[in-house]
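A.B. asks: Dumping the structure here so I can ask a few things about it.
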Amino acid sequence: MKSQKINKKWWFFAATILAQFIVMFLWVLRSNDTLENGTIYKFRLQGYDPYDPFRGKYLRFQFKDNIMEMQNEDEAMTIINALEVYAKFSVDDEGFAMPMSLSQSISDNALKVEVTRDYFSSEMTHVRIKYPFDRLWMNQKECPIAEKIVNDALFRNKHVYALVSIKNGDGALKDVEVDGVSIKDLVKNGEFHIDNEVGYIEEVEVIAVDTIEMAKFDSTIGAEIKD
Numbered sequence: 607m608k609s610q611k612i613n614k615k616w617w618f619f620a621a622t623i624l625a626q627f628i629v630m631f632l633w634v635l636r637s638n639d640t641l642e643n644g645t646i647y648k649f650r651l652q653g654y655d656p657y658d659p660f661r662g663k664y665l666r667f668q669f670k671d672n673i674m675e676m677q678n679e680d681e682a683m684t685i686i687n688a689l690e691v692y693a694k695f696s697v698d699d700e701g702f703a704m705p706m707s708l709s710q711s712i713s714d715n716a717l718k719v720e721v722t723r724d725y726f727s728s729e730m731t732h733v734r735i736k737y738p739f740d741r742l743w744m745n746q747k748e749c750p751i752a753e754k755i756v757n758d759a760l761f762r763n764k765h766v767y768a769l770v771s772i773k774n775g776d777g778a779l780k781d782v783e784v785d786g787v788s789i790k791d792l793v794k795n796g797e798f799h800i801d802n803e804v805g806y807i808e809e810v811e812v813i814a815v816d817t818i819e820m821a822k823f824d825s826t827i828g829a830e831i832k833d
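For what it's worth, my numbering labels the leading residue of the sequence shown as 607, then goes sequentially.
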């Protein structure tokens, strides 16, 4: 009886591990299919936070065009409270993706997203879109360089955008580009000029000063001014 209980626990453990591998395998297949067969869109970027001590090094960013204005407050609240929301996109004159509509039904070139009210706006009809991709994993040594390149490019108003493939509600991040060049190639080739005096705040050395000595110094300066 005891050996049977052990065998059942072992089989249950093995089945759990196998199920996890199957789910992961199907997810990889689905992601690859989206990357290879989806519609490519260019999403403008505006900022990022490249370091996460719990997940490692990656280039994290924020999307610029992520606000959708609904016709009225009721429509906005319906979308916000929906279980699933899908965004469809149009392409502007410069070739960048712009949210065109939000719906509860899926379609070929729609992307499943999360939505909330845009609390930065006083308009109750403004809906903020959270896209399901916001980071590009990179080599630990390359990520700080990529951060500086993107920061400098954004400061100089260059075109910085994420290449995203969308298919049947899924979205897969392909790359981040600066004026049509992959961020990985820019880091690898080292051809992108970075001006350390532009776009950054240098660290300032803080010197501890004894408060009593500082008070003496202030009184001495005050006396000299009076004289």
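Think of the CB as a built atom: it goes at the ideal place given N, C-alpha and C, for glycine as much as any other residue.
This one's a predicted model, so the numbers in the text were calculated from it and none came from an experiment.
Is DSSP giving Met683 helix, strand or coil here?
C.D. replies: Of the three classes helix, strand and coil, the one that applies to Met683 here is helix, per DSSP.
A.B. asks: Within 10 angstroms of the Cβ of Tyr737, are there 16 or more other Cβ atoms? Answer buried if so, exposed if not.
C.D. replies: Per the 10 Å Cβ criterion, buried.
A.B. asks: Nearest to Phe669 by CA position, among Val770, Gly786, Asp776, is which residue?
C.D. replies: Of the listed residues, the one whose Cα sits closest to Phe669 is Val770.
A.B. asks: Over the uninterrupted beta strand (DSSP E) stretch that includes Ile735, give me the two end residues.
C.D. replies: Here the beta strand (DSSP E) through Ile735 covers 732 to 736.
A.B. asks: Using the beta-carbon count (16 or more within 10 Å), is Ile807 buried or exposed?
C.D. replies: Per-residue confidence for Ile807 stands at a pLDDT of 30, beneath the threshold of 50, marking its modelled position as unreliable; no derived number is given.
A.B. asks: What residue from Asp698, Gln710, Thr645 has the CA that sits closest to Ala688's CA?
C.D. replies: Closest by alpha carbon: Gln710.
A.B. asks: If contact is defined by three or more beta carbon pairs under 8 Å, each pair taking one atom from either stretch, is the region 749 to 757 in contact with the region 785 to 796?
C.D. replies: At 8 Å Cβ cutoff, the stretches touch.
A.B. asks: Is it buried or exposed for Met876, if we count other Cβ within 10 angstroms and need 16 for buried?
C.D. replies: The question about residue 876 has no answer, for the chain in this structure spans 607 to 833.
A.B. asks: With a cut-off of 8 Å on the beta carbons, I'd call Ala716 and Pro705 a contact; round off their distance for me.
C.D. replies: About 11 Å separates the two Cβ atoms, so there is no contact after all.
A.B. asks: What does the alpha-carbon distance come out to for the pair Met730 and Val719?
C.D. replies: The straight-line gap from Cα to Cα measures roughly 19 Å.
A.B. asks: Does DSSP put Glu675 in a helix, in a strand, or in coil?
C.D. replies: If DSSP states are grouped into helix, strand and coil, Glu675 belongs with the strands.
A.B. asks: Which of the three DSSP states is assigned to Asp776 in this structure?
C.D. replies: Here Asp776 sits in strand by DSSP.
A.B. asks: Return the CA-CA distance between Lys663 and Ile735, expressed in angstroms with no decimal places.
C.D. replies: Taking the straight line joining both Cα atoms gives about 25 Å.
A.B. asks: Indicate whether Ile712 and Gly775 have their beta-carbon atoms separated by less than 8 Å.
C.D. replies: A contact, by the Cβ cut-off of 8 Å.
A.B. asks: Mind checking which residues open and close the beta strand (DSSP E) that includes Leu708?
C.D. replies: Leu708 -> beta strand (DSSP E) spans 703 to 709.
A.B. asks: Please look up how many angstroms separate the CB atoms of Val721 and Ile685, rounded, as I've assumed it's under 8 Å.
C.D. replies: About 6 Å separates the two Cβ atoms, so the contact holds.
A.B. asks: Under the assumption that Ala768 contacts Phe667 (Cβ atoms under 8 Å), give the Cβ distance between them as a whole number of angstroms.
C.D. replies: Going by Cβ atoms, the distance from Ala768 to Phe667 rounds to 7 Å, so yes, they are a contact pair.
A.B. asks: Should Asp680 go down as buried or exposed, given a rule of 16 or more other Cβ atoms within 10 Å for buried?
C.D. replies: Exposed, by the Cβ-count rule.
A.B. asks: Just verifying my parser: in three-state terms, what is the DSSP assignment at Lys764?
C.D. replies: The answer is coil: DSSP assigns Lys764 none of H, G, I, E or B.
A.B. asks: What would DSSP say about Lys790, mapped onto helix, strand or coil?
C.D. replies: It is helical.
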